[in-house]
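Asker:
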Amino acid sequence: MVTQEVSKRQTLSPTDARLLTTISSQGQDIFTNQDAASVLGCSSAAVRKRLHHLVKKGWLRRLEKGKYLILPLSAGPAGEYTPDEFVIAAHLIEHYYISYWSALRYYGYSEQAAPTVYIVTTRRKRPLTVGGVAYRFVTVRAHKFFGSRRVWSGAEAIQMAEREKALVDCLDRLDLCGGVIEAAKAIWRGRDEMDWEKAVAYGRRMGNRTILKRLGFLLETLAMGTSPLLDALRADVGTGYTVLDNLYPHEYGGRRDRRWHLVINVPEHELLNWREH
Numbered sequence: 005m006v007t008q009e010v011s012k013r014q015t016l017s018p019t020d021a022r023l024l025t026t027i028s029s030q031g032q033d034i035f036t037n038q039d040a041a042s043v044l045g046c047s048s049a050a051v052r053k054r055l056h057h058l059v060k061k062g063w064l065r066r067l068e069k070g071k072y073l074i075l076p077l078s079a080g081p082a083g084e085y086t087p088d089e090f091v092i093a094a095h096l097i098e099h100y101y102i103s104y105w106s107a108l109r110y111y112g113y114s115e116q117a118a119p120t121v122y123i124v125t126t127r128r129k130r131p132l133t134v135g136g137v138a139y140r141f142v143t144v145r146a147h148k149f150f151g152s153r154r155v156w157s158g159a160e161a162i163q164m165a166e167r168e169k170a171l172v173d174c175l176d177r178l179d180l181c182g183g184v185i186e187a188a189k190a191i192w193r194g195r196d197e198m199d200w201e202k203a204v205a206y207g208r209r210m211g212n213r214t215i216l217k218r219l220g221f222l223l224e225t226l227a228m229g230t231s232p233l234l235d236a237l238r239a240d241v242g243t244g245y246t247v248l249d250n251l252y253p254h255e256y257g258g259r260r261d262r263r264w265h266l267v268i269n270v271p272e273h274e275l276l277n278w279r280e281h
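This note's numbering puts the sequence shown at residues 5 to 281.
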């Protein structure tokens, strides 16, 4: 945040200082054109011009049209500053939650440093890159938009997928979590924290049987899940076959698992050998 030390920078005018200190004192590091206009009491054109100059001076970073991040003094003259990517995500769209690989990392279920923040929304929005971090907006239908909770990053509230919903989202879109092996790791690492009945209920609610097939197969492969839970999952597998991991090279082929109606197109030792490391 901006502090009393702003006066040490000769390029910050009294009006600029009033704008930044007022917004910062309200607990905001990210603000809009409208926020600035309410402080300055001037026209939209004048606000845009002032904010443009503050970006050029290194006091602000433009996130997208009409949204700005106040750069702290620690960013230095070059404006080198990497803010919390989840806080940034929370300001990029209103109706959202963070999921897929990003949620797995948040809960400690993946050690992979994914360069993208995945944001679930019912709206369409183009991807953005802010401070070297990519933000991808994954548009889903209304019936898949559920299962989030409020968590805190410092003083900022963000919407994060519940543990179970993060897993179900990943099983629905393996391309957004690094594949079925990353999903298997999440199941194993979250084994004492997840409500498996909730995960099954969420999988059914998504309306994609492949989620339930993958979940049942992975639970069984990892020697997890009670018999009633696995039986409940098997009751929903249907008759058609789908691949375990649609990201895996097609050349591998794979056996047909009649229990889960999956084509096991990933060498089964690869599903487990990560536990040896």
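For glycine and all other residues, C-beta sits at the position ideal for the given N, C-alpha and C.
Check each candidate in Val134, Gly136, Val172 and name the one with the smallest Cα separation from Ser152.
Answerer: The residue with the shortest Cα to Cα distance from Ser152 is Val172.
Asker: Give the straight-line distance between the Cα atoms of Ile102 and Ile123, rounded to the nearest whole angstrom.
Answerer: If you take the alpha carbons of Ile102 and Ile123, they lie about 5 Å apart.
Asker: State yes or no: is the C-beta of Phe90 within less than 7 Å of the C-beta of Ile162?
Answerer: Yes; because the gap between Cβ atoms is below 7 Å, this pair is in contact.
Asker: Which residue from Ala188, Leu276, Ala117 puts its Cα closest to that of Arg218?
Answerer: The option with the nearest alpha carbon to Arg218 is Ala188.
Asker: With burial defined as no fewer than 16 other Cβ atoms inside 10 Å of the residue's Cβ, what is the status of Asn277: buried or exposed?
Answerer: Classification for Asn277: exposed.
Asker: Entirely within the region 184-210 and at least 4 residues each: give me those alpha helix (DSSP H) ranges in chain order.
Answerer: You should have 184-193, 200-210.
Asker: How would you call Ala49, buried or exposed, if buried means at least 16 neighbouring beta carbons within 10 angstroms?
Answerer: Label assigned to Ala49: exposed.
Asker: Should Leu219 be flagged as near chain D, meaning a C-beta pair shorter than 7 Å?
Answerer: Considering every chain present, this structure includes no chain D. It has just one protein chain.
Asker: Pick from Lys69, Arg167, Pro253, Ile191: whose alpha carbon is nearest that of Glu224?
Answerer: When each option's Cα is compared against that of Glu224, the closest is Ile191.
Asker: If distances are taken between C-alpha atoms only, which option among Met164, Leu226, Gln38, Ala94 comes closest to Arg279?
Answerer: Looking at the Cα atoms, Leu226 is the closest of the given residues.
Asker: Quick check on DSSP: helix, strand or coil for Gln38?
Answerer: Helix, per DSSP.
Asker: Helix or strand or just coil, what does DSSP make of Asp179?
Answerer: Reduced to three states, the DSSP call for Asp179 is helix.
Asker: List the endpoints of the continuous alpha helix (DSSP H) containing Ser29.
Answerer: Per DSSP, Ser29 belongs to the alpha helix (DSSP H) from 18-29.
Asker: Leaving out five residues before and five after Asn250 in sequence, what residues of the same chain have Cβ atoms less than 7 Å from its Cβ?
Answerer: Leu178, listed in sequence order.
Asker: Taking the continuous alpha helix (DSSP H) assigned at Glu160, which residues delimit it?
Answerer: No alpha helix (DSSP H) contains Glu160, which is instead part of the beta strand (DSSP E) from 160-165.
Asker: Under 8 Å: do the region 233-248 and the region 262-273 share three or more Cβ pairs, one atom per stretch?
Answerer: Yes, the region 233-248 is in contact with the region 262-273.
Asker: Please say whether Ile34 and His95 have beta carbons closer to each other than 7 Å?
Answerer: Yes.
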